[in-house]
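Protein chains: 2
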Amino acid sequence: MRIGEVARKTGVKAETIRFYEREGILTAPPRTRSNYRDYGPDEAATLTFIRRARDLGFSMPDVRELLELSNEDDRSCAAVDSLARAHLDQVERKIAALQIMRDELSRMIASCEQDTISDCRIIDTLAASHGP
Amino acid sequence: MRIGEVARKTGVKAETIRFYEREGILTAPPRTRSNYRDYGPDEAATLTFIRRARDLGFSMPDVRELLELSNEDDRSCAAVDSLARAHLDQVERKIAALQIMRDELSRMIASCEQDTISDCRIIDTLAASHGP
DNA sequence: CTTGACCTTGTAGTGGCTACAAGGTGCATA
DNA sequence: TATGCACCTTGTAGCCACTACAAGGTCAAG
Chain A
1 MRIGEVARKT GVKAETIRFY EREGILTAPP RTRSNYRDYG PDEAATLTFI RRARDLGFSM
61 PDVRELLELS NEDDRSCAAV DSLARAHLDQ VERKIAALQI MRDELSRMIA SCEQDTISDC
121 RIIDTLAASH GP
Chain B
133 MRIGEVARKT GVKAETIRFY EREGILTAPP RTRSNYRDYG PDEAATLTFI RRARDLGFSM
193 PDVRELLELS NEDDRSCAAV DSLARAHLDQ VERKIAALQI MRDELSRMIA SCEQDTISDC
253 RIIDTLAASH GP
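Line by line, the protein sequences are chains A and B. Counting from 1, position 96 in the first sequence corresponds to residue 96 in the working numbering; the numbering is continuous, with no gaps. Throughout, the working numbering is defined as the position within the second sequence, counted from one, plus 132.
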């Protein structure tokens with residue numbers, strides 16, 4: 001399989017696949033006579049794994065560790081579990097922070113009465129300090 | 133006021149203030165004899181404005197525009213309003229995306245029974261495709 | 001006269017790609 | 001056979017909003 005095909009199959013763009021190879025997260029595949037990368041199903045599976053982990057918001061270092069762990073069949077999955085829990089925690093913190101932003105933005109917008117800038121509650125709120 | 137003091141007053145780090153000056157978002161203040169930046173209350177107010185807008189998640193281009201608009205007292209604040217609404221929309225989209233991540237992560241973690249990696253539901257879920 | 005806190009400049013690094021330039025390859029069609 | 005087009009190759013630079021660091025200048029207190 002050439003890079004374009006594996007890109008279509010896994011949903012990871014060709015440029016990104018090459019980037020992963022440069023970063024050492026994906027091992028370099030063999031090359032065809034004309035120097036094209038030649039992928040097998042294993043690399044495709046790894047890319048799918050990476051994409052799914054990235055879609056769930058895991059960082060590249062996390063993905064790297066998950067990939068390493070996934071190859072050690074006999075070890076306990078406690079490390080995987082704790083990594084996932086730590087990430088969930090981060091996601092929840094981020095949601096909380098964004099909800100605070102959202103609430104303040106909503107309040108700000110609701111208080112604006114579409115007058116001139118000099119009376120604008122939005123500009124006021126930013127200039128002075130009304131919020132937290 | 134030297135840069136350290138205005139940094140303390142506004143909560144914007146000195147390095148960041150210099151960065152804003154380089155980027156042209158904050159006008160360069162006069163210098164003392166010894167070439168130190170010498171800020172007045174106006175610059176401090178601008179920095180507070182920037183910090184509050186950034187804390188609310190506005191991008192630097194947005195902040196730039198908000199700053200420009202804030203100087204045009206007589207214009208209608210419709211532009212401010214629509215900028216803020218567009219940003220609120222973005223924040224809400226981000227929250228929704230993170231909630232989907234959170235839910236899938238929770239499900240994944242809940243299904244793991246702390247066995248060996250080869251039976252690990254978390255690794256399974258990443259490798260194959262169970263979610264959206 | 002030295003210490004230490006502050007300031008100056010410039011450059012490079014962060015994360016995770018993405019875009020682009022300049023050229024080589026492979027296959028179908030005229 | 002020539003040509004066009006999609007695909008591949010490498011390397012480099014850009015994105016965002018800082019942050020870190022190096023190497024040096026300034027100033028007041030002890």
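Backbone N, C-alpha and C define an ideal beta-carbon position, used for all residues, glycine too.
- About 6 Å separates the beta carbon of Leu237/B from that of Ala84/A, a gap short enough to meet the 8 Å contact definition.
- Residue range 78–111 is occupied by the alpha helix (DSSP H) that includes Met108/A.
- Look at Ser76/A: its C-beta is under 8 Å from a C-beta on chain B.
- Between Cys112/A and Thr248/B, the beta carbon gap of about 58 Å keeps them out of contact (Cβ cut-off 8 Å).
- When the five nearest sequence neighbours on each side are left out, the beta carbons in the same chain lying within less than 7 Å of the beta carbon of Ala79/A are those of Leu69, in order along the chain.
- Separation of the CB atoms of Gln246/B and Asp81/A is rounded to 6 Å, and the pair is thereby assigned contact status at 8 Å.
- About 5 Å separates the beta carbon of Val138/B from that of Ala176/B, a gap short enough to meet the 8 Å contact definition.
- In summary, no residue of the stretch 4–24 of chain A has a CB separated from any CB of chain B by less than 9 Å.
- If you draw a straight line from the Cα of Asp174/B to the Cα of Ala218/B, it comes to about 28 Å.
- The C-beta distance from Thr142/B to Leu179/B rounds to 4 Å, short enough to meet the 8 Å contact threshold.
- For the 8 Å CB-CB criterion, Arg196/B and Ile157/B form a contact.
- Taking 8 Å as the cut-off, the Cβ atoms of Phe181/B and Ala127/A count as close.
- Distances from the alpha-carbon of Ile122/A to those of Arg184/B, Ile227/B, Lys226/B put Arg184/B closest.
- Secondary structure of Arg186/B (DSSP, three-state): helix.
- Between Met101/A and chain B, the shortest Cβ-Cβ separation is below 8 Å.
- Listed as beta-bridge partners of Thr116/A by DSSP are Ser208/B.
- Distance from the CA of Pro193/B to the CA of Ala96/A, rounded to the nearest whole angstrom, comes to 25 Å.
- Contact of Thr248/B with chain A by beta-carbon distance below 8 Å involves Asp73, Asp74, Arg75, Ser76, Cys77.
- For the pair Ala14/A and Ala110/A, the Cα-to-Cα distance works out to about 45 Å.
- One thing to note: Ser250/B has its Cβ within 8 Å of the Cβ of Asp73/A.
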